[in-house]
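Q: For the record, the sequence lines run as chains A and B. Going by my numbering, the first sequence opens with residue 1, and the numbers climb by one from there. Going by my numbering, the second sequence opens with residue 1001, and the numbers climb by one from there.
Protein chains: 2
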Amino acid sequence: MKNIRPKLIRLFKVGYCTPQIARIAKTINEPSATLHYNIKKLENEGAIKTYKAVFDYEKIDEGFCVYLFIKLTAKAGADPDQIVGELARYEKVDSADIIAGEWDVVLKVRTKNQDEYYDVLKSILTREGIEKSTSVISLKQAKTEFVLL
Amino acid sequence: MKNIRPKLIRLFKVGYCTPQIARIAKTINEPSATLHYNIKKLENEGAIKTYKAVFDYEKIDEGFCVYLFIKLTAKAGADPDQIVGELARYEKVDSADIIAGEWDVVLKVRTKNQDEYYDVLKSILTREGIEKSTSVISLKQAKTEFVLL
DNA sequence: TCAAAAATTGAATTTTATTCAGATAGATAA
DNA sequence: TTATCTATCTGAATAAAATTCAATTTTTGA
């Protein structure tokens, strides 16, 4: 057994998919060549970043989802963009935003369970530049990435 | 001019894409038939919900992104699942979660600008079952849907 | 240890994306 | 208005890719 599954999941999380022109052609009743032209245009403009899969995260061992709010230390020379850029690179971080208001950053973190979340949280909170945080657990997801669940 | 662009965007937000087996085959050096078998298995298990596009939201007129926190009215007979299910169906709602803590629901909303967001907010807040809300604006996005920006 | 089920694979087939050149529509400027 | 340029559209040919299938190997469970 080659256990290709985890490799597929890793690739599909960020890309390795492509438009189904023939299916779109049937759906909106336009010629494939016309759709091809318009799709390439969207890609070349940079309007489309990638094509990827959306998962039932329970089924790929990422059923535990938390919104992690972070307050950065106000310190001369510290660059919030850089810190968030680094946090965004964590494998288990689904999304990373700099936000207005009481907190500076919100991360959406997906892990298998609470234990695994605690590991991620520890590794984030022990970094330089982080003052405090609060974790808001998602109890139920009705929609993600524009896809109804 | 047929203006196919908005139709493409609408379709690509939820699906109409498919795996690039040939590219994956080259990347991880496995036979296409083997990958095909493993991918179909993931799909049949329901582990993969759909294949879709990720956008540069600025470029498709959805550059304004807000996390909208909602507190539901505590009322006998009111079903949070149903309310959230309905909110999730809004076109401009990217994600919808029921959460633990001070607030009951968080929506990620993407609109063209603040004016358009205000329209969405009004239409949500005038619904039954909503007690109060707070809007947290995303100032900068470093990652969405596991895709670095 | 052995039978059944699951997973792998090369080759054939079917389907799909891509290319391209001609046509059409839209925009621009005189 | 009309001429000219550019962008968009499209059918048909080509190239590339997904899918199927039957044979093989591996894994599972009794």
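Positions of the beta carbon are idealized from the N, C-alpha and C atoms, including for glycine.
(1) Report buried or exposed for K49 of chain A, applying the criterion of at least 16 other Cβ atoms within 10 angstroms of its Cβ.
(2) At which residues does the alpha helix (DSSP H) containing I28 of chain A begin and terminate?
(3) Run through chain A and tell me which residues come within less than 9 angstroms of S1138 of chain B, C-beta to C-beta.
(4) With D1094 of chain B as the anchor, note down where its beta strand (DSSP E) starts and where it stops.
(5) Have a look at T1144 of chain B and I1124 of chain B and give me their C-alpha separation to the nearest angstrom.
(6) What residues of chain B sit near I24 of chain A, judged by a beta carbon separation below 8 angstroms?
(7) Run through chain A and tell me which residues come within less than 7 angstroms of T1073 of chain B, C-beta to C-beta.
(8) Give the C-beta separation of T150 of chain A and F69 of chain A to the nearest angstrom, bearing in mind that I take them to be a contact with Cβ-Cβ under 8 angstroms.
(9) At the 8 angstroms Cβ level, is I130 of chain A part of the contact set with chain B, yes or no?
(10) Are three or more beta carbon pairs between the region 1090-1100 of chain B and the region 1016-1034 of chain B nearer than 8 angstroms?
(11) Assuming K1002 of chain B is part of the beta strand (DSSP E), what are its boundary residues?
(12) Could you give the distance in angstroms between the alpha-carbon of A1142 of chain B and the alpha-carbon of G1129 of chain B?
(13) Rounded C-beta distance between P19 of chain A and Y1016 of chain B? I'm assuming under 8 angstroms.
(14) Any contact of the region 1060-1067 of chain B with the region 1103-1119 of chain B, i.e. 3+ C-beta pairs under 8 angstroms?
(15) If we define contact as Cβ-Cβ less than 8 angstroms, is P31 of chain A a contact residue for chain B?
(16) Taking just the CA atoms, how far does A53 of chain A sit from V120 of chain A?
(17) Whose C-alpha, out of B:D1081, B:D1079, B:I1083 and B:D1094, is nearest the C-alpha of Y1067 of chain B?
(18) Taking the DSSP output, what are the residues bridged to S1138 of chain B?
A: Inspection of the coordinates gives the following:
(1) Around the beta carbon of K49 of chain A, 16 or more other beta carbons sit within 10 angstroms, so the residue counts as buried.
(2) Counting along the chain, the alpha helix (DSSP H) containing I28 of chain A begins and ends at I21 to I28.
(3) D97, I98, I99, A100 and V106
(4) Residues V1093 to I1099.
(5) The alpha-carbon atoms of T1144 of chain B and I1124 of chain B are separated by roughly 24 angstroms.
(6) L1008, L1011 and Y1016
(7) Within chain A, no residue comes near T1073 of chain B; the closest Cβ sits about 18 angstroms away, beyond 7 angstroms.
(8) Outside the shown range of chain A (1 to 149) lies residue 150 of chain A, about which nothing can therefore be said.
(9) no
(10) no
(11) Counting along the chain, K1002 of chain B falls outside any beta strand (DSSP E), and DSSP gives it neither H nor E.
(12) 34 angstroms
(13) 7 angstroms
(14) Output reads yes: the region 1103-1119 of chain B touches the region 1060-1067 of chain B.
(15) no
(16) 24 angstroms
(17) B:D1094
(18) A:I99
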